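Asker: Chains as they are written, first to last, in this note's numbering: chain X, 6 to 294; chain U, 142 to 404.
Where a beta carbon is used, it is the ideal one built from N, C-alpha and C, also for glycine.
What you are looking at is a predicted structure, and each value in this text was computed from that prediction instead of being measured.
(1) Taking just the CA atoms, how far does residue 375 (chain U) sit from residue 368 (chain U)?
(2) In angstroms, rounded to a whole number, what distance separates the CA positions of residue 397 (chain U) and residue 236 (chain U)?
(3) What is the C-beta distance between residue 256 (chain U) and residue 213 (chain U), in whole angstroms, given that I count them as a contact (C-beta under 8 angstroms)?
(4) At what residue ranges does the region 241–292 of chain X contain a whole run of the alpha helix (DSSP H), taking only runs of 4 or more?
(5) Ignoring anything shorter than 4 residues, give me the alpha helix (DSSP H) runs that lie fully in the region 303–366 of chain U, in order along the chain.
(6) Run down chain U in chain order and give the residues with a C-beta less than 9 angstroms from the C-beta of residue 108 (chain X).
(7) Would you mind giving the Cβ-Cβ distance between residue 371 (chain U) and residue 328 (chain U), rounded to the nearest angstrom? I have them listed as a contact below 8 angstroms.
(8) Could you tell me which residues DSSP puts in a beta bridge with residue 195 (chain U)?
(9) Which chain X residues are close to residue 150 (chain U), counting only those with a beta carbon under 7 angstroms from its beta carbon?
(10) What residues from chain X crowd round residue 230 (chain U), counting only those whose CB sits closer than 9 angstroms?
(11) Spatial neighbours of residue 188 (chain U) within its chain, please: C-beta separation below 6 angstroms, excluding the five flanking residues on both sides.
(12) In chain U, what lies closer than 7 angstroms to residue 93 (chain X) by C-beta?
(13) Under the DSSP definition of a beta bridge, which residues are partnered with residue 15 (chain X)?
(14) Between residue 299 (chain U) and residue 387 (chain U), how many whole angstroms is the CB-CB distance? I'm expecting something under 8 angstroms.
(15) Below 8 angstroms on the Cβ atoms is my guess for residue 245 (chain U) versus residue 305 (chain U); work out the distance and round it to an integer in Å.
(16) Could you name the residues of the same chain whose beta carbon sits closer than 7 angstroms to that of residue 343 (chain U), not counting the 5 residues immediately before and after it, in chain order?
(17) Give the interface partners of residue 1 (chain X) over in chain U, defined as CB-CB distance under 7 angstroms, in chain order.
(18) Could you tell me whether the Cβ atoms of residue 303 (chain U) and residue 321 (chain U) are closer together than 8 angstroms?
(19) Which bits of chain U does residue 89 (chain X) rub up against, with CB to CB less than 7 angstroms?
(20) If I measure Cβ to Cβ from residue 178 (chain X) and keep anything under 8 angstroms in the same chain, skipping five residues before and after, which residues do I get?
(21) Would you tell me roughly how many angstroms separate the C-alpha atoms of residue 80 (chain X) and residue 166 (chain X), rounded to the nearest one?
(22) Return helix, strand or coil for residue 212 (chain X), following the three-state DSSP convention.
(23) Using a Cβ-Cβ cutoff of less than 8 angstroms, which residues in the same chain neighbour residue 144 (chain X) once the five nearest sequence positions on both sides are dropped?
(24) Please list the residues of the region 165–198 of chain U that have a C-beta atom closer than 8 angstroms to any C-beta atom in chain X, keeping them in chain order.
(25) Does the region 142–152 of chain U come within contact of the region 224–244 of chain U, defined as at least 3 CB pairs closer than 8 angstroms?
(26) Over what stretch of residues does the beta strand (DSSP E) that includes residue 226 (chain X) continue unbroken?
(27) Using three-state DSSP, classify residue 22 (chain X) as helix, strand or coil.
(28) What do you get for residue 139 (chain X), buried or exposed, if any count of 16 or more other CB atoms within 10 angstroms of its CB means buried?
(29) Hey, is the region 14–21 of chain X in contact with the region 29–43 of chain X, meaning 3+ C-beta pairs nearer than 8 angstroms?
(30) Below 8 angstroms on the Cβ atoms is my guess for residue 185 (chain X) versus residue 174 (chain X); work out the distance and round it to an integer in Å.
(31) Could you tell me which chain X residues have their CB closer than 9 angstroms to the CB of residue 376 (chain U), listed as they occur along the chain?
(32) Where do the ends of the beta strand (DSSP E) carrying residue 199 (chain X) lie?
(33) Counting only Cβ-Cβ distances shorter than 9 angstroms, please list the residues of the region 63–85 of chain X near chain U, keeping chain order.
(34) Taking 8 angstroms as the cut-off, decide whether the C-beta atoms of residue 271 (chain U) and residue 360 (chain U) are in contact.
(35) Can you tell me which residues form a DSSP beta bridge with residue 143 (chain X)?
(36) According to DSSP, is residue 136 (chain X) part of a helix, a strand, or is it coil?
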C-alpha cells in the first residue's frame, strides 16, 4: 500500500447521485481510487458508468454526496473562493470544447499562460504539441486533431502536476493518435501525473501504467493493462492449419505446444499464438455486470 | 511563485475579449452601427419638430444613447455568455486559476469599450447629419457622465444576471432581443414617451431603460421639455435611485445565478 504522501489522488468511498424527474440516479456508488504521483492512470467504462462524474469531482467541478477526496493533498470540494494555488497545479483537457475560435493558436496559448504563476513558454508548448506550423492560424481553421492538441497545450501551459484528459483522441486518425500518445508519454517523463478517461482500449494499453474499469458507478478492478481480469494467466490459444483444416487448442504453456507441433509437422501452417486482448477482457468485465 | 493579480488577469481578459469581439464582423456592425442606422432612418422619416426647438432627431439621439447602454451591456452579455457556456469556454476558464472576478473585469472592459464607441459615433453622426445640439453647460455634462457610468454598470450586471436564463446559446438571442426591443418601444426611445398610453408608461416605469432614457433627455433636450414629461419634471433624484436599486438587484441576482456550465 502506498503512503498517502506518494499519492497524487486519493479517493475513498466516493458517492454521488442526481435527482431527476425520473427519480434518483446513482452515478457514483462507492469508488476508491489511489493514483500515484507520476503515473498514467486510465479510467475505462461504458457511457454512463460514472467516469465523467468521478473525474469532474476530482477536478473541482462537482460536489459529492459522500466519501473522502484528496487531490494533491487538497479536498477539491472545499476549495473556497481562492483556489488559485491549487488550480495552478491542475491541468484539465475537457471533452469537446469549442471556444477561442476567433483567436490564433499563439494568441490563445499565450493568453492562457497569463493565468498561471509558473507558465511554460508558449512557443515551446506549441512546439511540443506539434502546432508550430499553425502558430498564426485561427483556431477556427484547425482540424479536429489539431484543435485537440491545442486543448492539450492549454491544459499544460501552467506546468500542472496533474493533467486530466477526457477522451483526448476521439476523432483522431491513427497517425495523429500515435503522435498524441508520444506527447502524453513525454509529459509523464517530465513527472506529470496523468488521469485519462477513454473509450479506446488500445489507447489505455499503449499509455496507461494502470487502468480502472468502472461500471454502474463502481470499480470492477484496478490493474495494469497486462494483468487486468487475469489476462496474463488466461490460457493462450494456439491455432494452425493441418491438412487444410483449421485447428486450435488452449494451453497454459503455448511454447511447449508450439515445440511439439513443430516436431510433429515440421512446417506449421498459419501458426498463431494469441492471448485474450484487453478488449476481450474488458467486454467480459462490463458484460457480466 | 505567486499567482498573477486578479486585476492584471482581468485586464488581459479585457484585451482578448476586445480582440475576439472585433473579429466577429457581424456583431461589430450590428452592435456598433445599428443605432446609427436607426438614427438615419428615423431622422429621415420624422423631420418635424416634436416641440418648439426640439427636433425628432434630438429626441431620438437621447433615447438611442440610453438604449445603446442597454444594447452593449445587457443585450450583448445576456446573449454572449450563454454562447460561451454552450461552447465550453466558461467551463474551461473555471478549470484554470483565473478568478471569476477577472472574468467579470474583462467583460466590463469589452462592454465599456463598445459603449464608448457606440455612443460617440451616434453623437458624431447626429451632430454632422441631423443638427444635434450638444449640452452646453457643465452640470449637464456631469449628469451625462454619471448617467453613463451608473447606466452601464446597471446594464452590465443585469446582463450577467440574465445570462443564466437562456437555456442554450442558440436560443439566447431569441429570448433577449425581444425584451430589449419591446422595452425600447415602451420606454420612449422610438416614440415620444408622453404620447404613450398611461398604462404603458406605468409598466415601462418598472424597468431601468425608461429612467435612463428620461435622464438622457434631461441632458440633450431643453429644460422647457421637462414640462412634457408625465411628472412635469426630469425627476433626476428618482432616476438615480431607481437605477441604483436595479444595480443592486442585478448584482445580487448575478452572484447567485451565474452558471459556468449547462449541467
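Answerer: Straight from the coordinates:
(1) 8 angstroms
(2) 20 angstroms
(3) 5 angstroms
(4) 259–270, 283–292
(5) 310–327, 339–345, 349–361
(6) 157, 160, 161, 164
(7) No, residue 371 (chain U) and residue 328 (chain U) are not in contact; Cβ-Cβ is about 12 angstroms, not under 8 angstroms.
(8) U:192
(9) 119, 120
(10) 102, 103, 104, 105
(11) none
(12) 144, 238
(13) X:39, X:75
(14) 7 angstroms
(15) Incorrect: roughly 14 angstroms between the Cβ atoms, too far for contact.
(16) none
(17) In the structure as shown, chain X starts at 6 and stops at 294, and residue 1 (chain X) therefore has no counterpart that could be examined.
(18) no
(19) 144, 238, 240
(20) 150
(21) 16 angstroms
(22) helix
(23) 105, 106, 107, 108, 109, 110, 113, 152, 155
(24) 165
(25) yes
(26) 223–228
(27) strand
(28) buried
(29) yes
(30) 6 angstroms
(31) The premise fails here: residue 376 (chain U) is roughly 40 angstroms from chain X at the closest Cβ pair, so nothing lies under 9 angstroms.
(32) 198–203
(33) 64, 65, 66, 67
(34) no
(35) X:109
(36) coil
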